[in-house]
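Chains as they are written, first to last, in my numbering: chain A, 38 to 136; chain B, 38 to 136.
Using N, Cα and C, we set each Cβ at its ideal position, and we do this for glycine too.
Let me begin by presenting the structure, written as structure tokens, before commenting on it.
There are 2 protein chains.
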Amino acid sequence: MKNPIGNLNKIFDSRIRLGVMSILMVNEEVSFNDLKTMMEVTDGNLASHLVNLEENGFIKVHKGFIGRKTNTTYSITKAGEKAFKEHIEALENMIKGVR
Amino acid sequence: MKNPIGNLNKIFDSRIRLGVMSILMVNEEVSFNDLKTMMEVTDGNLASHLVNLEENGFIKVHKGFIGRKTNTTYSITKAGEKAFKEHIEALENMIKGVR
DNA sequence: TGACGCTACTTTGTATCACAAAGTGCTTTT
DNA sequence: AAAAGCACTTTGTGATACAAAGTAGCGTCA
Chain A
38 MKNPIGNLNK IFDSRIRLGV MSILMVNEEV SFNDLKTMME VTDGNLASHL VNLEENGFIK
98 VHKGFIGRKT NTTYSITKAG EKAFKEHIEA LENMIKGVR
Chain B
38 MKNPIGNLNK IFDSRIRLGV MSILMVNEEV SFNDLKTMME VTDGNLASHL VNLEENGFIK
98 VHKGFIGRKT NTTYSITKAG EKAFKEHIEA LENMIKGVR
């Protein structure tokens, strides 16, 4: 008998950070507003989780424009991809025990 | 584009509760001490999460003996099984998006 | 021109949380 | 009689999540 959750990444305990990462795994670049509407969170709340993910080196930020309007987009980093894949693997191993 | 985490159960955001549930899905009855060593947590911390799971109707408690020693064991309820399976399904759907 | 709106935050405050550590009451072992 | 184990409960602290409000810069519409 061994700890089923020992390999889970604590950063992904947060549902919002988990959701952001899973979105960024399948979408090259996603804007702040799209993330906001997808995750159904307030902008302040989302922003703070994004800062957290950025500080951990899991995502990176691009400040750009659409026409003349500011447009911030986010994308996953190599490290983020790696960490997230490992987390998913840990989840799958946990689930495998359940199956 | 839709919320990838909308169907996750908030109770299972906690890694300890998640771990306890996954252990109880595959083991009919598990003692307090076994849970404690498996999850690598302090007894107070574990106890509080067990109370939480019990209050949510996800696990049930059996106070018994081994010989003359007290022995408390925990098992999953029908409702707990259902909730946990739904959570796993939600996780798998999230992961599917990533694959 | 001036009010309003949007974007992407930051700040502030609150409530909840997880957790460790210590205490408790009962029993068993030595 | 003393020590130790079991299964907690209590207490205290620090971290977390979150909403709400504030902000700054730019755009638009009347």
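Under the 9 angstroms criterion on CB atoms, ASN40(A) is classed as interfacial with respect to chain B. Nearest to GLY56(B) by alpha-carbon distance, out of ASN44(B), LYS47(B), MET76(B), ILE113(B), is MET76(B). At a C-beta separation below 9 angstroms, GLU77(B) has these neighbours in chain A: ASN40, GLY43. DSSP places GLY104(B) in no alpha helix (DSSP H); its state is neither H nor E.
For GLU129(B), the enclosing alpha helix (DSSP H) stretches over residues 115-135. In the structure shown, VAL67(A) falls within a strand segment according to DSSP collapsed to helix, strand and coil.
Between HIS86(A) and SER51(A), the C-beta spacing is below 9 angstroms. Leaving aside the five residues that flank ARG54(A) on each side, the residues in its chain whose CB is nearer than 8 angstroms to its CB run, in chain order, ILE48, HIS86, ASN89, LEU90. Counting C-beta pairs closer than 8 angstroms gives fewer than three between the region 117-128 of chain A and the region 66-80 of chain A, which falls short of the contact rule. Note on geometry: alpha-carbon atoms of ASN93(B) and LEU72(B) lie some 19 angstroms from one another.
Closer than 9 angstroms to the CB of SER59(B) there is at least one CB belonging to chain A. Taking C-beta separations shorter than 7 angstroms and ignoring five residues to either side along the sequence, the partners of ASN108(B) in its chain run SER68, GLY101, PHE102, following chain order.
Put simply, the CB of PHE102(A) is far from chain B, with every gap to its CB atoms at 9 angstroms or more.
Interface annotation for the region 96-120 of chain B against chain A: empty, criterion Cβ-Cβ distance under 9 angstroms. Burial is judged here by how many other beta carbons sit within 10 angstroms of a residue's own beta carbon; GLY81(B) has fewer than 16 and is exposed. For MET131(A), the CB contacts under 8 angstroms within the same chain, skipping 5 residues up- and downstream, are PRO41, ILE42, LEU45 in chain order. When beta bridges are read from the DSSP output, ASN108(B) appears opposite GLY101(B). Collapsing the DSSP output to three states places ILE96(A) in a strand.
The C-alpha of SER112(A) is placed about 14 angstroms away from the C-alpha of ALA120(A).
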